[in-house]
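Contents: one structure, followed by commentary.
Numbering (the numbering used here), first residue to last: 22 to 989.
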């Protein structure tokens, strides 16, 4: 008989053998194997208990599964309990002896002790399989009707695990499970609701029939935990039943106003946010309560509020005070808790707008300097800026400075993203290129902290090099010094040789572009650029990287061929003449079907073996010099480069000087080293100095699409009509871009002696039946004091106005008033035509005596005809049918021709912009040199009495425009 060691003794022994635990555990397992063979069930039970503990440490016990079943079959509760515990831990669906437990479960389900039955139910929920479920489900259903609430509660919870393994069992048990919603015991009721909650997460539609019972429980219960579970269930059911949110308003309002439990209150707020429509009073109440959570001193409550505010901003942005929220989020970013900080950053990404974007970026940069790691702050900055093609960025020169500062962080994982945005902005915003080129040169020329190291991350080096080469024509005039400085930085830096091959290639080719562009932009620098390339490219030719060597060889051959001949170099400038445009990321993958990438573009001719034999040369064993040198200049790199003049030698770092010079230098006082100034600080000062004359940025937000699939054979020649026309939708710009374009379309609606009034007509709001006008006024007579400017509308109703009166300026009018929004009721506008809206301009003028005289001037606000249109998606065939079926509707026709200089590829984009601004849906009928477009729109629905001078258009009337473009 072996000495029995208890679980406590074994755990103490493991802790006592620190550093040698494995040996002790192996000894213990050997002892357990002997104890399991004992006929004493108490000894065997203790062995299984110790084995269960070792299993949790990662040791295998599958070899003892039969012994576990033996222990489970004993009659004493204390003895069988380790067996049930071990089976719950170690048994899986693949355990062979699992089926032997079915009869054990059936026996224990009928035990007089509720704790034995409860232990069996717990074990069953952990080891259940489909086979066990089919044999045991009847016994579980009988336990649902047990007189003991303890067993009913455990059975309800166990059934959820059964349903996951055996879904057909749900149909069998559903009626009895539904009856438990009327159970008098709160524990059973809570367990039942929790089971239905988990089932609803799988498929909520199956449980819509439970809504009346669940609603009754929600209204009557005072159990906080039960209320939380019910609110979670209703969040899942409300999207499936449109009438349910309105029914929930009363109980949710009651909970928000009366409950003292913050957990229930927060769950009620979340239920309102996820289920209630915008504009209801309960939404405003919930957001007000959520603000209290956000201002709480409890860090956990602040985290929950921030997390929920992400949904609030996405769904109810109009009801949210973004200014207060923005300040609170910026404060929360400084939280020491990583999860809270991450949620705050995600929320900041959603609430930032152009007016506070710069402030948010500056704060994030400050935090990034303090925090390590700081990638989450940098990632948020880049994500916010790139949204909707840089819609938040108003000052692109300033943002390039930010990218430059981020790019100097060598440890950041966002180096590639920073470089991509740096290049992408310069491609899309032509007005920022002069500043970007100067900034790129400053970043590359900045001194590094240590020798043979970089001051920029590697991707940014490549991006700056690319900018110098691509947009060298944007350098400040005269450009000679900048051309030379750029070429030296790109070729002479000691740290360049340690960069990856792609970056070295970019630097080499950028320097070559500077050389090729010099005759046009910096002709005086051509000789020095030629000498610079000839002296430094040979080291790159000998590179072990094939790409670097190939590109350096090409550049060296061009330099050797053209030498310092400006006229010859200018002829090669055509290689770089075509401008680069932003291309869609997937454009390269969308290759037309007519192009076979596996087929060579041209036939490779066999090499001719008719060269005359030449004498052997030890320096040229393959006799390349006599055959190729004259044509390609391949060996030009090996030719001796003339040494520079002696006068220039004094500038070398190895020049020691003469004795006279040395003696003179000893007598002179040593000069202090010049102070190195941060290039970013210099560029920031330059930006501030030029801010008053900053250009108006125009961003190319559209990408160049991939070519469409072409015909199988050769395409038609230029000017030849296509065999058949295929239609496609015209790309309409996104709403954000259209809104920006509309915001620039201001017109003068009144210019009098004292005041001018400007109006901008925005797109109609169809659901609210409103037309938005942006208004502003300007003082014309500087000698008089103008005050209290207002417009009085009489023909239409104006939202949020007093009797149709819109105040443009309250108090004295300085020079130009701020923009004022006016939402007009669109119901009376029933015909698509130009409409002059009559109103009255009111203002006061102080005369020489200081008395204010009221002035009233009639004003007509001209609303364009396209204001009253809505896009109508209609195919070409449907349009033909419409015209043939409704000839009586053809009442108005007009035509017009315009001419402008633009490339053919830009025409669909221009037509798409016009269609979006004028509220048309457009399709393109033909492409190529001669393009055809059709634009279709419908009229606003007539819901009120027409205004004077208007007659309602027919209900099915359409406005159709046909456009044809001819290339000249």
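Every residue, glycine too, gets a C-beta built ideally from N, C-alpha and C.
Could you name each continuous alpha helix (DSSP H) segment of 4 residues or more that falls completely within the stretch 128-152, going from the start of the chain to the end?
135-148
Residue 952 bridges to which residues according to DSSP?
986
Beta-carbon proximity of residue 266 to residue 242, cut-off 7 angstroms
no
Which same chain residues end up closer than 8 angstroms to residue 216 when comparing Cβ atoms and leaving out the 5 residues on each side of it in sequence?
177, 178, 180, 181, 198
Quick check on DSSP: helix, strand or coil for residue 79?
coil
Are three or more beta carbon pairs between the stretch 279-297 and the stretch 245-264 nearer than 8 angstroms?
yes
Reference residue 327; option with closest CA among 891, 304, 354, 536
354
By how many angstroms is the C-alpha of residue 855 removed from the C-alpha of residue 763?
18 angstroms
Which whole-angstrom value describes the C-beta separation of residue 532 and residue 539, a residue pair presumed to lie in contact below a C-beta threshold of 8 angstroms?
Going by Cβ atoms, the distance from residue 532 to residue 539 rounds to 11 angstroms, so no, they are not a contact pair.
Which complete alpha helix (DSSP H) runs does the stretch 38-79 hold, if anything under 4 residues is left out?
42-57, 62-77
Output the residue ranges of the alpha helix (DSSP H) runs that lie fully inside the stretch 350-377 and measure 4 residues or longer, sorted by chain position.
359-372
Tell me whether residue 879 sits in a helix, a strand or coil according to DSSP, three-state version.
strand
Please classify residue 651 as buried or exposed, where buried requires at least 16 neighbouring CB atoms within 10 angstroms.
Any answer about residue 651 is weak, because its pLDDT of 39 lies below 50 and its placement is not dependable; what the coordinates show is given next. The residue is exposed, with fewer than 16 neighbouring Cβ atoms inside 10 Å.
Would the beta-carbon of residue 69 fall within 7 angstroms of that of residue 89?
yes
The alpha helix (DSSP H) that contains residue 513, what's its start and end?
501-513
Starting from the Cα of residue 254, find the closest Cα among 218, 236, 278, 245 and give me that residue.
218
Sequence-distant residues of the same chain with beta carbon closer than 6 angstroms to residue 482, five excluded per side:
524
Quick one: residues in its chain with C-beta nearer than 7 angstroms to the C-beta of residue 101, no 5 flanking neighbours on either side, listed in chain order?
92, 93, 95
By the 10 Å Cβ neighbour count, where 16 or more other Cβ atoms means buried, how is residue 323 classified, buried or exposed?
buried
Would you identify the three-state DSSP class for residue 814, choosing helix, strand or coil?
strand
Report the three-state DSSP secondary structure of residue 819 (helix, strand or coil).
strand
Could you pull out every residue in the same chain whose Cβ sits closer than 6 angstroms to the Cβ of residue 501, ignoring the five residues on either side in sequence?
543, 545, 546
Cβ shell of residue 49 (< 6 angstroms), same chain only, five flanking positions each side left out
31
Distance, residue 246 Cα to residue 192 Cα
27 angstroms
Below-7 angstroms beta-carbon distance, residue 879 vs any chain D residue
Absence of chain D from the displayed structure is noted, only one protein chain being present.
If we ignore side chains and look at the alpha-carbon of each, how far apart do residue 813 and residue 837 end up?
19 angstroms
For residue 157, tell me which candidate among 119, 174, 134 has the shortest Cα-Cα distance.
119
Measuring only the C-alpha atoms, how far is residue 389 from residue 398?
6 angstroms
Give the straight-line distance between the Cα atoms of residue 115 and residue 44, rounded to the nearest whole angstrom.
31 angstroms
Starting from residue 864, follow the beta strand (DSSP E) in both directions and report where the run begins and ends.
856-867
Measure the CB-CB distance between residue 76 and residue 67 and report whether it falls below 7 angstroms.
no
Cβ-Cβ distance between residue 557 and residue 505 below 7 angstroms:
no
Less than 7 angstroms between the C-beta atoms of residue 438 and residue 462, yes or no?
no
Proximity of residue 149 and residue 186 at Cβ, strictly below 7 angstroms
yes
What span of residues does the alpha helix (DSSP H) with residue 284 cover, start to end?
283-296
Could you tell me which uninterrupted alpha helix (DSSP H) segments, each at least 4 residues in length, are contained entirely in the stretch 149-220, listed from first to last along the chain?
151-164, 170-186, 189-200
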